[in-house]
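Novice: Numbering (our numbering), first residue to last: 1 to 302. Yeah, the Cβ is synthetic: ideal placement off N, Cα and C, and Gly gets one too.
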């Protein structure tokens with residue numbers, strides 16, 4: 001981060017580096033920066049860290065600048081940012097340069113409230129079912145899994161998959177009721193899924209005021225591997241897979257199931273997901289797809 005600070009300082013910016021100390025600390029630091037009237041907060045980390053920073057900045061005038069240094073970095077893949085891999089320092093500087101030439105956009109956020117009444121904002125997805133079950137039993141990941149990135153996560157997921165229980169779910173989407181055995185009910189705010197490995201909603205935009213709600217029918221987990229393979233091949237119209245647009249979603253399951261937001265454990269069903277239009281100011285790098293937003297961004301200025 002010192003090299004990133006040097007790069008931005010050379011362009012006239014004042015940069016203050018504050019490392020996080022524990023889970024949730026990134027949210028506190030972001031809230032403090034927003035209260036102090038800072039223009040930008042760099043979020044250096046993976047999807048979990050970015051989600052924490054977004055929680056601290058939601059509804060404020062302070063923009064988030066994402067810098068991918070995590071293991072999954074699904075949001076960085078949405079923005080076509082360079083990933084750390086084995087050339088971490090070089091890639092980090094390249095990402096920082098792309099942000100210098102970026103634009104400020106208003107991005108929609110999701111807000112999920114779980115069965116205990118606890119709520120949080122999220123950038124990418126909130127889900128109940130197989131993915132929530134795997135996240136609860138995999139996180140925190142061991143070092144060997146983190147080093148392998150998505151491959152390590154997949155290996156752990158395969159080992160646990162036979163334990164995922166059959167679930168009957170009731171999903172209400174803007175007043176419409178869907179009831180069946182669902183392996184996964186996923187509320188998506190973006191295009192990619194599974195650490196960026198699957199293109200879930202290729203036409204989604206980050207400021208269109210809509211979720212893409214994906215419902216995957218089935219009672220046996222092997223169906224999820226089939227659905228994943230179909231999506232990797234570009235198929236999204238297979239029987240048992242359904243996508244519905246919505247803004248307010250409630251998910252009930254029998255039995256109660258773990259949930260995830262942005263790949264982090266987030267309690268248990270029932271959950272309610274509400275779309276918060278334009279809740280986050282985001283510095284979008286020049287590398288991002290040109291059609292990722294409906295509205296034009298604002299050039300970054302000192």
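Going by DSSP in three states, residue 217 sits in which element: helix, strand or coil?
Specialist: As a position in the chain shown, residue 217 is number 217, starting the count at 1. In the structure shown, residue 217 sits in a strand (DSSP, three-state: E or B).
Novice: Just list the residues that DSSP pairs residue 193 with in beta bridges.
Specialist: Counting from one through the chain shown, the residue named residue 193 turns up at place 193. Residue 193 is bridged to 198.
Novice: Below 8 Å on the Cβ atoms is my contact criterion, and I expect residue 207 with residue 108 to pass it. Report the Cβ-Cβ distance as a whole number of Å.
Specialist: Against the chain shown, residue 207 aligns to sequence position 207. Against the chain shown, residue 108 aligns to sequence position 108. So it is a contact: roughly 6 Å between Cβ atoms.
Novice: Taking C-beta to C-beta, are residue 241 and residue 216 nearer than 8 Å?
Specialist: Along the chain shown, read from residue 1 onward, the residue named residue 241 stands at position 241. Along the chain shown, read from residue 1 onward, the residue named residue 216 stands at position 216. Yes, Cβ-Cβ distance for residue 241 and residue 216 is below 8 Å.
Novice: The beta strand (DSSP E) spanning residue 42 covers which residue range?
Specialist: Along the chain shown, one-based indexing puts residue 42 at 42. 40-45 is the span of the beta strand (DSSP E), which, as asked, contains residue 42.
Novice: According to DSSP, is residue 181 part of a helix, a strand, or is it coil?
Specialist: By one-based count along the chain shown, residue 181 stands at place 181. Residue 181: strand per DSSP, three-state reduction.
Novice: Considering only C-alpha positions, which residue in the set 194, 219, 61, 22 is nearest to residue 52?
Specialist: To locate residue 52, count along the chain shown from 1; it is residue 52. Of 194, 219, 61, 22, the residue nearest in Cα terms is 22.
Novice: What are the boundary residues of the alpha helix (DSSP H) that residue 4 is part of?
Specialist: For the purposes of this step, residue 4 is taken as the residue at position 4 of the chain shown. Here the alpha helix (DSSP H) through residue 4 covers 2-10.
Novice: Need the endpoints of the alpha helix (DSSP H) that residue 290 sits in, please.
Specialist: The count along the chain shown starts at 1 and reaches residue 290 at position 290. Segment: none, residue 290 is in no alpha helix (DSSP H) and carries neither H nor E.
Novice: Any idea which residues DSSP pairs residue 260 with across the strands?
Specialist: Working through the chain shown from its first residue, we reach residue 260 at position 260. Its beta-bridge partners are 127, 265.
Novice: With distances taken between CB atoms, is the gap from residue 112 to residue 273 smaller than 8 Å?
Specialist: Here residue 112 is taken as the residue at index 112 of the chain shown, counted from 1. Here residue 273 is taken as the residue at index 273 of the chain shown, counted from 1. Closer than 8 Å, so yes.
Novice: Threshold first: 4 residues or longer. Then list the alpha helix (DSSP H) segments lying entirely within the segment 220-257, N to C.
Specialist: Fully enclosed alpha helix (DSSP H) runs of 4 or longer: 222-232.
Novice: Output the distance between the C-alpha atoms of residue 223 and residue 182, rounded to the nearest integer angstrom.
Specialist: Along the chain shown, one-based indexing puts residue 223 at 223. Along the chain shown, one-based indexing puts residue 182 at 182. Looking at the two C-alpha atoms, the distance is approximately 10 Å.
Novice: Just to confirm the assignment, what range does the beta strand (DSSP E) spanning residue 33 have?
Specialist: One-based indexing of the chain shown puts residue 33 at position 33. Counting along the chain, residue 33 falls outside any beta strand (DSSP E), though it belongs to the alpha helix (DSSP H) covering 25-35.
Novice: Do you know how far the Cα of residue 289 is from the Cα of residue 99?
Specialist: On the chain shown, position 99 is the one that residue 99 refers to. On the chain shown, position 289 is the one that residue 289 refers to. Distance between the alpha carbons of residue 99 and residue 289: 14 Å.
Novice: Near residue 69, what residues of its chain come up, given a Cβ to Cβ distance below 8 Å and the 5 sequence neighbours on each side ignored?
Specialist: Indexing the chain shown from 1 puts residue 69 at position 69. For residue 69, where only same-chain residues beyond five positions count, the Cβ hits under 8 Å are 44, 45, 46, 84, 88, 92.
Novice: Going by C-alpha to C-alpha distance, which of 285, 265, 106 sits closest to residue 57?
Specialist: Here the question's residue 57 lines up with position 57 in the chain shown. Residue 106 is the option with its Cα nearest to residue 57.
Novice: Please tell me whether residue 73 and residue 286 are closer than 8 Å, where the distance is taken between their beta carbons.
Specialist: Translated into the one-based positions of the chain shown, residue 73 becomes position 73. Translated into the one-based positions of the chain shown, residue 286 becomes position 286. No, Cβ-Cβ distance for residue 73 and residue 286 is not below 8 Å.
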